[in-house]
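Trainee:
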Amino acid sequence: MTSYAITVLGHDRPGIIAETTDRIAGLGLNLEDSTMTLLRGHFAMMLVCAGEASDDEIRAALAPLTVDGTLGVTVREVPAEDAAGGPGAPWVLTVHGGDRPGIVSAVVAEVARVGGNITDLTTRLAGDLYLLVAEIDLPVEADEAALEAAIKTAATALGVGATLRPADADEL
Amino acid sequence: MSTPATARTSERLRAWTEAELGVEGRVLDVVRAPDPVLSTPGGAVDPTDAAVVQLAADLVATMRVSPGCVGLAAPQVGLAVTVFCVDVSAHPKTREHHGTFVLCNAEVVESSRNDKGREGCMSVPDLTGDVKRASRVVVRGALPGTGEVVEVAATAFEARALQHEIDHCAGLLFLDRVAGAHAVYARQTYL
C-alpha cells in the first residue's frame, strides 16, 4: 500500500471534486484525509489517498482535469506519517487588524521560536480587515504567558491585535 | 442561580424602555474592524452623566434602524467606554428575554453551561464565526440616568448577546473567541 498526496488548484466550477474522486476511486485508491476550500475564489483541494496504483497511473487518470488549462494537478508519493497529535496542549491564536504585509510571518515566528506546531491555519482578507486564526500545539515545557506576550509585542508593532487561548475540547 | 434580588432587578429591567432616558436618540455611524477603537478596552462611565444618557439613547436608536441588530456597544459607535444596549426580543433565536435595555459598566458575575453558536457583528460585516459562550449568565450593571445597579439573569440567545456586547466593551471581537481555524465563515446572515 502506497500513500499519495494530490493537489488540485485553479479556477472553480461545479463538479471538480466529483470528477477527481471518481477518477481516484476508479484506480481503487482509498481517499483518506482531504481538505478543500476557496482561496479568494480559487478552488484549492489537497488530499491523501492510499492504494496500489502507481503515481504515473494516477497522473494519467487525473490528466483530463487539466486539459482546459484552468486547473493544475500534482501527485506525489508520501511516506506514512503518524497522524496522532503530540503530547503538547492545543491553543487557538487569533490575530486581526488592518491589512499590511508581514503580519503572518511576524506572528508565527514567535510560535516557531518556542517550538509550537501550527496544526491548522486560516487567514482571511475581508475589506481592510486581515484575520488569522491558527490552532497550535505547544510543547509541554512552553511558557504560554511569555509566548502570548511575545506575540502581542509583535502584533502591536504591526498595528494589529492578538489573542492566545486554550482550545476547548469537550469530551462527551 | 437567580437570587430573589436578581429576580427583582430582572423585573425592573423588563419594564425599562428608552423613554426613561428622556432624550431623543440619534442614529450614529457604526465603525468597522480594523478600526482600533474596537480593540481598545472601554473605560468605566458615570451612568448619571448627561453624555452617557445621550449615548444610551443613541445606541438604542442606532440599533433600532439596523436590520437584524440585537445589540450595540459604545466602541461600535467610536467610543471606548463600557456602555451597551441589547434587545433580542424580535430575533427568531430568542426564547426568554428582557426586552430593550442599556447597561453601563456591566460585568458577568456568574456563568455556566457553555454552548457553541454562530455569531456575526455589524462591525465585522463580512465574516461570521462559531463561538462558545455560557448559555446562563448573571450580568451586573448600572442603568443610564438613574444609575441603579441591576442584576439580570439571562439565558440562551440573550446571554450570548450580553457576552458579545460586554466583550466589545473590553475591546474584544467575536473573532478573538472563535473556536478554531475552521470556525470562521464568509458572512451569510447576522447574529
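Respectively, the protein sequence lines represent chains V and A. With my numbering, the residue at position 24 of the first sequence is 24, and numbering never jumps. To get my numbering, take the position in the second sequence, counting from 1, and add 1000. C-beta atoms are modelled at their ideal positions from N, C-alpha and C, and glycine is treated no differently.
Within this structure, are the beta carbons of LEU1172(A) and VAL1102(A) separated by less than 8 angstroms?
Mentor: The residue given as residue 1172(A) occupies position 172 in the second sequence. The residue given as residue 1102(A) occupies position 102 in the second sequence. Not in contact: LEU1172(A) and VAL1102(A) (Cβ atoms no closer than 8 angstroms).
Trainee: With three or more C-beta pairs closer than 8 angstroms as the rule, is the segment 1006-1023 of chain A touching the segment 1141-1153 of chain A?
Mentor: Output reads yes: the segment 1006-1023 of chain A touches the segment 1141-1153 of chain A.
Trainee: With distances taken from CA atoms, which of ALA1057(A), LEU1038(A), THR1040(A) is nearest PRO1047(A)?
Mentor: Along the second sequence, one-based indexing puts residue 1047(A) at 47. Closest by alpha carbon: ALA1057(A).
Trainee: Which residues does DSSP pair with TRP91(V) in a beta bridge?
Mentor: Working through the first sequence from its first residue, we reach residue 91(V) at position 91. ILE136(V), PRO166(V), per the DSSP bridge assignment.
Trainee: Keeping to the same chain, check which residues put their C-beta closer than 8 angstroms to that of GLY159(V); ignore five residues upstream and five downstream.
Mentor: Residue mapping note: residue 159(V) aligns to position 159 of the first sequence, counting from 1. Here the set comprises GLY97, GLY98, ARG100.
Trainee: Please classify ARG1133(A): is it buried, with 16 or more other beta-carbons within 10 angstroms of its beta-carbon, or exposed?
Mentor: Here residue 1133(A) refers to the residue found at position 133 when the second sequence is read from its first residue. So ARG1133(A) counts as buried.
Trainee: How would you label GLY1025(A), buried or exposed, when you count the other beta carbons within 10 angstroms and need 16 or more for buried?
Mentor: Indexing the second sequence from 1 puts residue 1025(A) at position 25. With 16 or more other Cβ atoms within 10 Å, it is buried.
Trainee: Measuring alpha carbon to alpha carbon, tell me which of LEU1079(A), GLU1018(A), CYS1085(A), VAL1070(A) ends up nearest GLY1141(A).
Mentor: Numbered from 1 along the second sequence, position 141 holds the residue referred to as residue 1141(A). Residue CYS1085(A) is the option with its Cα nearest to GLY1141(A).
Trainee: In chain V, what lies closer than 8 angstroms to VAL1178(A) by C-beta?
Mentor: Indexing the second sequence from 1 puts residue 1178(A) at position 178. Here the neighbours are VAL92, THR94, VAL133.
Trainee: Count the other C-beta atoms from every protein chain shown that fall within 10 angstroms of the C-beta of ASP1167(A), then say buried if there are 16 or more, exposed otherwise.
Mentor: Counting from 1 along the second sequence, the entry for residue 1167(A) is found at position 167. Its Cβ being crowded by 16 or more others within 10 Å, ASP1167(A) is buried.
Trainee: Under 9 angstroms Cβ-Cβ, which residues of chain V neighbour SER1039(A)?
Mentor: Within the second sequence, residue 1039(A) is the residue found at index 39, counting from 1. Under the 9 angstroms cutoff, chain V gives HIS96, GLY97, VAL160, GLY161.
Trainee: How about ALA1179(A) and ASP1126(A): do their beta carbons lie closer than 8 angstroms?
Mentor: Along the second sequence, read from residue 1 onward, the residue named residue 1179(A) stands at position 179. Along the second sequence, read from residue 1 onward, the residue named residue 1126(A) stands at position 126. No. Outside cutoff.
Trainee: In whole angstroms, what is the alpha-carbon distance linking GLY72(V) and PRO79(V)?
Mentor: Locating residue 72(V) in the first sequence gives position 72, where the first residue counts as 1. Locating residue 79(V) in the first sequence gives position 79, where the first residue counts as 1. Approximately 23 angstroms, taken between the alpha carbons.
Trainee: Rounding to the nearest angstrom, what Cα-Cα distance links ASP33(V) and ALA109(V) in this structure?
Mentor: Here residue 33(V) refers to the residue found at position 33 of the first sequence. Here residue 109(V) refers to the residue found at position 109 of the first sequence. Looking at the two C-alpha atoms, the distance is approximately 27 angstroms.
Trainee: Along chain D, in chain order, which residues have C-beta atoms closer than 8 angstroms to that of VAL1184(A)?
Mentor: Absent here is chain D; the protein component of the structure consists of chains V and A.
Trainee: Scan the segment 1065-1126 of chain A and note each continuous beta strand (DSSP E) run of 3 residues or more that stays entirely inside, going in chain order.
Mentor: Qualifying beta strand (DSSP E) stretches, in chain order: 1071-1073, 1083-1086, 1101-1121.
Trainee: Alpha carbon to alpha carbon, how far is GLY88(V) from LEU138(V)?
Mentor: Your numbering for residue 88(V) matches position 88 in the first sequence. Your numbering for residue 138(V) matches position 138 in the first sequence. Whole-angstrom Cα-Cα distance: 5 angstroms.
Trainee: Taking only beta-carbon atoms, is VAL1124(A) less than 8 angstroms away from chain V?
Mentor: On the second sequence, position 124 is the one that residue 1124(A) refers to. Yes, its Cβ sits closer than 8 angstroms to a Cβ of chain V.
Trainee: When the distance is taken between beta carbons, is LEU47(V) closer than 8 angstroms to LEU31(V)?
Mentor: Here the question's residue 31(V) lines up with position 31 in the first sequence. Here the question's residue 47(V) lines up with position 47 in the first sequence. Yes. Within cutoff.
Trainee: Give a yes or no on contact between the segment 121-137 of chain V and the segment 1033-1041 of chain A, applying the rule of three or more CB pairs nearer than 8 angstroms.
Mentor: The segment 121-137 of chain V is in contact with the segment 1033-1041 of chain A.
Trainee: In three-state terms, what does DSSP make of LEU38(V)?
Mentor: The residue given as residue 38(V) occupies position 38 in the first sequence. If DSSP states are grouped into helix, strand and coil, LEU38(V) belongs with the strands.
Trainee: Would you kindly work out how many angstroms separate the C-alpha atoms of ARG76(V) and MET1122(A), rounded to a whole number?
Mentor: Locating residue 76(V) in the first sequence gives position 76, where the first residue counts as 1. Locating residue 1122(A) in the second sequence gives position 122, where the first residue counts as 1. ARG76(V) and MET1122(A): Cα-Cα distance of roughly 45 angstroms.
Trainee: Could you tell me the alpha carbon to alpha carbon distance between ILE16(V) and ARG1187(A), rounded to whole angstroms?
Mentor: Locating residue 16(V) in the first sequence gives position 16, counting from the first residue. Locating residue 1187(A) in the second sequence gives position 187, counting from the first residue. Near 24 angstroms, if we compare the C-alpha coordinates of ARG1187(A) and ILE16(V).
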